[in-house]
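Colleague: Per the numbering used here, residue 89 is the first one in the sequence shown, and the count goes up by one each step.
Even glycine gets a Cβ: it sits at the ideal position worked out from N, Cα and C.
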Amino acid sequence: MKIHEYQAKEILEKSGVQVPKGQVVFSVEEAGRAAAQLMENTGSGVVAVKAQIHAGGRGKGGGVKIAKTPEEAAAHAEKILGMTLVTHQTGPDGKVVRRLLIEQGLDIARELYMSVLVDREKRKVCFMACAEGGMEIEELARDYPEKIVKEWFDASEGLSQKGAESLVRKLGFEGDAASGAEKFMRALADVFVKEDCSLLEINPCVVDTAGRVWALDAKVALDDNASFRHPDREEMRDPDEENPVEAEARKFGIAYIKLDGSIGCLVNGAGLAMATMDIIKHYGGEPANFLDVGGGASAEQVTQAFRMILSDPNVRAIFVNIFGGIMRCDVIAEGVTTAAKETGLNVPLVVRLEGTKVEEGKKILSESGLNITSAGDMGEGARLSVELAG
Numbered sequence: 089m090k091i092h093e094y095q096a097k098e099i100l101e102k103s104g105v106q107v108p109k110g111q112v113v114f115s116v117e118e119a120g121r122a123a124a125q126l127m128e129n130t131g132s133g134v135v136a137v138k139a140q141i142h143a144g145g146r147g148k149g150g151g152v153k154i155a156k157t158p159e160e161a162a163a164h165a166e167k168i169l170g171m172t173l174v175t176h177q178t179g180p181d182g183k184v185v186r187r188l189l190i191e192q193g194l195d196i197a198r199e200l201y202m203s204v205l206v207d208r209e210k211r212k213v214c215f216m217a218c219a220e221g222g223m224e225i226e227e228l229a230r231d232y233p234e235k236i237v238k239e240w241f242d243a244s245e246g247l248s249q250k251g252a253e254s255l256v257r258k259l260g261f262e263g264d265a266a267s268g269a270e271k272f273m274r275a276l277a278d279v280f281v282k283e284d285c286s287l288l289e290i291n292p293c294v295v296d297t298a299g300r301v302w303a304l305d306a307k308v309a310l311d312d313n314a315s316f317r318h319p320d321r322e323e324m325r326d327p328d329e330e331n332p333v334e335a336e337a338r339k340f341g342i343a344y345i346k347l348d349g350s351i352g353c354l355v356n357g358a359g360l361a362m363a364t365m366d367i368i369k370h371y372g373g374e375p376a377n378f379l380d381v382g383g384g385a386s387a388e389q390v391t392q393a394f395r396m397i398l399s400d401p402n403v404r405a406i407f408v409n410i411f412g413g414i415m416r417c418d419v420i421a422e423g424v425t426t427a428a429k430e431t432g433l434n435v436p437l438v439v440r441l442e443g444t445k446v447e448e449g450k451k452i453l454s455e456s457g458l459n460i461t462s463a464g465d466m467g468e469g470a471r472l473s474v475e476l477a478g
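(1) Curious, which full-length beta strand (DSSP E) runs of at least 3 residues does the region 260 to 316 contain?
(2) Among residues of its own chain, excluding the 5 on either side of Gly464, which ones have a beta-carbon nearer than 8 angstroms to its beta-carbon?
(3) Rounded to a whole number of angstroms, what is the C-alpha to C-alpha distance between Ser350 and Ala361?
(4) What did DSSP end up calling Ala335 once you bin it into helix, strand or coil?
(5) What separation, rounded to the nearest whole angstrom, lies between the Cα atoms of Ala252 and Arg274?
(6) Of all the options Val474, Arg317 and Phe280, which has the alpha carbon lying nearest to the alpha carbon of Pro375?
(7) Between Lys238 and the rest of its own chain, which residues show a CB-CB distance below 6 angstroms, the 5 nearest in sequence each way excluded?
(8) Residues in the same chain with beta-carbon distance under 8 angstroms from Pro327, minus the five sequence neighbours each way, listed in chain order, please.
(9) Would you say Gln106 and Ala122 are within 8 angstroms of each other, going by their C-beta atoms?
(10) Does the Cβ-Cβ distance between Gly412 and Glu447 come in under 8 angstroms?
(11) If you drop the 5 nearest sequence neighbours on each side, which residues of the same chain put their C-beta closer than 7 angstroms to that of Ile345?
(12) Are the region 386 to 401 and the region 414 to 432 touching, with three or more C-beta to C-beta distances below 8 angstroms?
(13) Out of Ser386, Gly352, Val381 and Val184, state which residue places its alpha-carbon closest to the alpha-carbon of Leu476.
(14) Report the residue from Gly478, Leu169 and Asp207 whose alpha carbon sits nearest the alpha carbon of Glu117.
(15) Where Glu224 and Arg187 are concerned, what is the direct C-alpha to C-alpha distance, given to the nearest angstrom?
(16) With distances taken from CA atoms, which of Cys218, Val381 and Ile196 is nearest Gly260?
(17) Can you tell me whether Ala217 is helix, strand or coil according to DSSP?
(18) Could you tell me the boundaries of the beta strand (DSSP E) in which Ser462 lies?
(19) In the DSSP assignment, the beta strand (DSSP E) including Asp482 goes from what residue to what residue?
(20) Specify whether the region 233 to 247 and the region 268 to 287 touch according to this definition: at least 3 beta carbon pairs, one from each stretch, less than 8 angstroms apart.
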């Protein structure tokens, strides 16, 4: 689950991470008033006007501006609000800006990069940092690989003082700034674990002229699998920033992620869904989605999943790949035939069924009157799907 920068900073501030004072606004008038209040309350001579979308690279796309007066802040807000902001993370269609963060300016002496993420290979949490901030991590890794420093820790123990001190030394902090940076990094690590994050990125992290460390920007992704521990988290969702089909899938308990290919996939089980996408690519095709209906899906869920696949105009063929253990093949078949008839199926459909109630499932499909291509195994199903998709 992605959240906006201002929401990420609210989470960070509650845990003792120093963030600039700011206010989220939804109109030009609010932007001007917020800028005036921040300038008066913080004594800062400038404010930042920052577009709030679920994507990075906003500054390069024209979504972040500096203002020296409330009037200038309002003028920037007028240009940014409602604009379609295109960045390297939004894709060519961009995202419409519907809210802004008006934030106090800082006297910046130094910029760094800091992030916390899960290292699945080591099965630990990794704190990654670089003395060069304000750049994309991909550029940092390519241009300054020797400057990227890492420290791993166990989630149950947190980032140790020794680990934080090691990072501080490698990043060149000295004096009071070193002490502040150590506390800052340990607080970030604590937030990552406590809030069940899948990513926490501060870029840039800045040191002001007084030696204080701040999270000038913040990008946080929250693990949906831990939402039961955070009942208030649902309020943080911004439906305007989410794919509407993915949001609909969540209501039905279906795991769906839209991709850029032409072969729709309907699979039960995340592992089999990943393998299905891999084998489609092996035969030269591109999957249009990741879709896992789960091990105990109902006919209604299968029908809804089928509708979601067909809502994608890029889909030129559908591959239903089911291995029925808990999931029964006849339930899948009922859902597929119902959805195909209701939606007026107009693309080739390849079905591979194996497992519980497989013969009953195949009978339902064969008697449906639909143009369905049956596959004997997963490889044959993927190959046929790619051929039929053209």
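Modeller: To lay it out plainly:
(1) 285 to 296, 301 to 303 and 307 to 310
(2) The count along the sequence shown starts at 1 and reaches residue 464 at position 376. Counting only Cβ-Cβ distances below 8 angstroms, and skipping sequence neighbours, we find Arg440.
(3) In the sequence shown, residue 350 corresponds to position 262, counting from 1. In the sequence shown, residue 361 corresponds to position 273, counting from 1. Near 16 angstroms, if we compare the C-alpha coordinates of Ala361 and Ser350.
(4) On the sequence shown, residue 335 is found 247 positions in, with the first residue counted as 1. Three-state DSSP puts Ala335 in a helix.
(5) The residue you call residue 252 lines up with position 164 of the sequence shown. The residue you call residue 274 lines up with position 186 of the sequence shown. If I take the Cα positions, the gap works out to 7 angstroms.
(6) Locating residue 375 in the sequence shown gives position 287, counting from the first residue. Of Val474, Arg317 and Phe280, the residue nearest in Cα terms is Val474.
(7) Counted from its first residue, the sequence shown places residue 238 at position 150. Taken in chain order, the residues that qualify are Cys214 and Met216.
(8) Counting from 1 along the sequence shown, the entry for residue 327 is found at position 239. Excluding residues within five positions, the ones whose Cβ falls inside 8 angstroms are Ala335.
(9) The residue given as residue 106 occupies position 18 in the sequence shown. The residue given as residue 122 occupies position 34 in the sequence shown. Not in contact: Gln106 and Ala122 (Cβ atoms no closer than 8 angstroms).
(10) Residue numbering aside, residue 412 sits at position 324 when the sequence shown is read from its first letter. Residue numbering aside, residue 447 sits at position 359 when the sequence shown is read from its first letter. No. Outside cutoff.
(11) Your numbering for residue 345 matches position 257 in the sequence shown. Taken in chain order, the residues that qualify are Glu334, Asn377 and Phe378.
(12) yes
(13) Taking the first residue of the sequence shown as 1, we reach residue 476 at position 388. Of the listed residues, the one whose Cα sits closest to Leu476 is Gly352.
(14) As a working mapping, residue 117 is identified with position 29 in the sequence shown. Checked all of Gly478, Leu169 and Asp207; the closest Cα to Glu117 is Leu169.
(15) For the purposes of this step, residue 224 is taken as residue 136 along the sequence shown, with counting starting at 1. For the purposes of this step, residue 187 is taken as residue 99 along the sequence shown, with counting starting at 1. Those two C-alpha atoms are separated by around 23 angstroms.
(16) The residue labelled residue 260 in the question sits at position 172 within the sequence shown. With distances taken between Cα atoms, Gly260 lies closest to Cys218.
(17) Walking along the sequence shown from the start, residue 217 turns up at place 129. Strand, per DSSP.
(18) On the sequence shown, residue 462 is found 374 positions in, with the first residue counted as 1. Unbroken beta strand (DSSP E) run through Ser462: Ile460 to Ser462.
(19) Given that the chain is displayed from residue 89 to residue 478, the structure contains no residue 482 and the question cannot be resolved.
(20) yes
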